[in-house]
Amino acid sequence: MAFTGAGASAEAGIPTFRGKGGLWDKYKPEELATPHAFSKDPKKVWEWYKWRMSIISRAKPTRAHEVLAKWEERGILMGVVTQNVDGLHQVAGSKNVVELHGSVWRVRCSSCGIKYDLEFGRIPEEELPTCRRCHGLLRPDVVWFGEPIPHDQFNRAQKMFSEAEVILVIGTSGAVMPAAMLPINAAMEGKVLIEINPEETNLSSFSTIKIREPAGKAFDKLDKILWEEGSLEDR
Ligand code: APR
C-alpha cells in the first residue's frame, strides 16, 4: 500500500505545507484551517480554498500518482491512504483511496451536515456557497486542525495498514497526528516502510529503506525495475 502526503503532488505544482516555500510559511493555519477561523471569517477561508482549488484544477497527476494507479490495477498495490485533499490519486485512476483529511472536491453543510460532491475543477461561484436543502453555509469537506478524522475513513485506513506487508511512505513530513501514527504503528509491528522523500522526516527513523529522490523520478525508476526487467510477471 501507499501512504501519501503533499510531496506526492508537489511535482504537479501544488504547494506543500512545510519546508521551504510551504503554505504554512506564508499563511497561518489557525486563520485558515480551523473551525474557529471559518466561523470568524468564512469569506477569507473560502477565498483561500478557492485559490487552492484553482491551482489543483490546473494540475495533472504526477508520475507517482500514475504508477500507483497502474500498480493497483496490476494487483501489486492494495490501495492508497492519502492525507492530500486534491483528488489527484483518483484522477490518475486509483480506485481504493482513503482520504484521511477529506477532499476540496466535496463540500458539507455546516448546518444540516449534507455533503455535495463537486466534479474535479468545479469551483463554487458564490462567495459564500449555501446548502440547496436548508440554505445553511457550506464549507470544504476537509479535516481542519482540531477536528477528528471521520471514523469510517480512519477504520478503512487502519484495515489497509493492517493487511499490508510493505508501506510506501511518499512525500509526507509525518508532522500531523493521528495520520502519521498509522505508518509508525505499522513499523512498530515490524512492517517494512519504504520512505520516498528527498528530505529526512519524522518517519525516516521508522523506515527500513529510504529513497532520497523526488517521487516522480523514484516511481519512474521503480516501475522500470518492476516491469521492464521482468522481475514481476504480469499477474
Ligand atoms: N517528492 C517527494 N516528496 C517531496 C517532494 C517530491 N517531489 N517535494 C516535497 N516533498 C516532501 C517534503 O520533503 C516534505 O517531507 O513532502 C513532504 C511534505 O510535507 P508537508 O508539507 O508537511 O505535507 P504533509 O506531510 O502531507 O502534511 C500533512 O498537514 O497541514 C496539514 O492537513 C495538512 O494533510 C496535511 C498534513
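Read left to right, the sequence shown gives residues 576 to 810 (the numbering used here).
Note that the Cβ used here is the ideal one computed from N, Cα and C, for glycine as well.
**Asked** By how many angstroms is the C-alpha of residue 615 removed from the C-alpha of residue 586?
**Response** 34 Å
**Prompt:** Mind checking whether residue 778 and residue 753 have CB atoms under 7 Å apart?
**Reply:** no
**Asked** Heavy atom of the ligand APR less than 6 Å from the Cβ of residue 581, yes or no?
**Response** yes
**Inter-residue CB distance, residue 725 and residue 682 (contact presumed, cutoff 8 Å)** = That pair is no contact at about 15 Å.
**Item:** Separation of residue 723 from residue 603, as counted between CA atoms
**Value:** 20 Å
**Asked** Quick one, are the C-beta atoms of residue 660 and residue 678 less than 7 Å apart?
**Response** yes
**Asked** Between 687, 579, 650 and 700, which lies nearest to residue 706 when the distance is taken from Cα to Cα?
**Response** 687
**Request:** Measuring alpha carbon to alpha carbon, tell me which of 792, 793 and 755 ends up nearest residue 841.
**Result:** As displayed, the chain neither begins before 576 nor continues past 810, which places residue 841 out of reach and without an answer.
**Request:** Could you tell me if residue 676 is buried or exposed, where buried requires 16 or more neighbouring beta carbons within 10 angstroms of its beta carbon?
**Result:** buried
**Asked** Comparing the CB of residue 721 with every heavy atom of the ligand APR, is any distance shorter than 6 Å?
**Response** no
**Request:** Please state if the CB of residue 629 and the CB of residue 696 are separated by a distance shorter than 7 Å.
**Result:** no
**Asked** Is any heavy atom of the ligand APR found at a distance shorter than 6 Å from the C-beta of residue 617?
**Response** no
**Request:** Return the bridge partner residues of residue 709 from the DSSP annotation.
**Result:** Answer by DSSP bridge pairing: none, since residue 709 is not bridged.
**Asked** From residue 636 to residue 709, what does the alpha carbon distance come to, in whole angstroms?
**Response** 36 Å
**Prompt:** My guess is that residue 744 and residue 767 are in contact by the Cβ rule of under 8 Å, so how many angstroms apart are they, rounded?
**Reply:** Not quite, the Cβ-Cβ distance comes to about 10 Å (not below 8 Å), so this is no contact.
**Asked** For the candidate residues 621, 643 and 794, whose alpha-carbon lies nearest to that of residue 704?
**Response** 621
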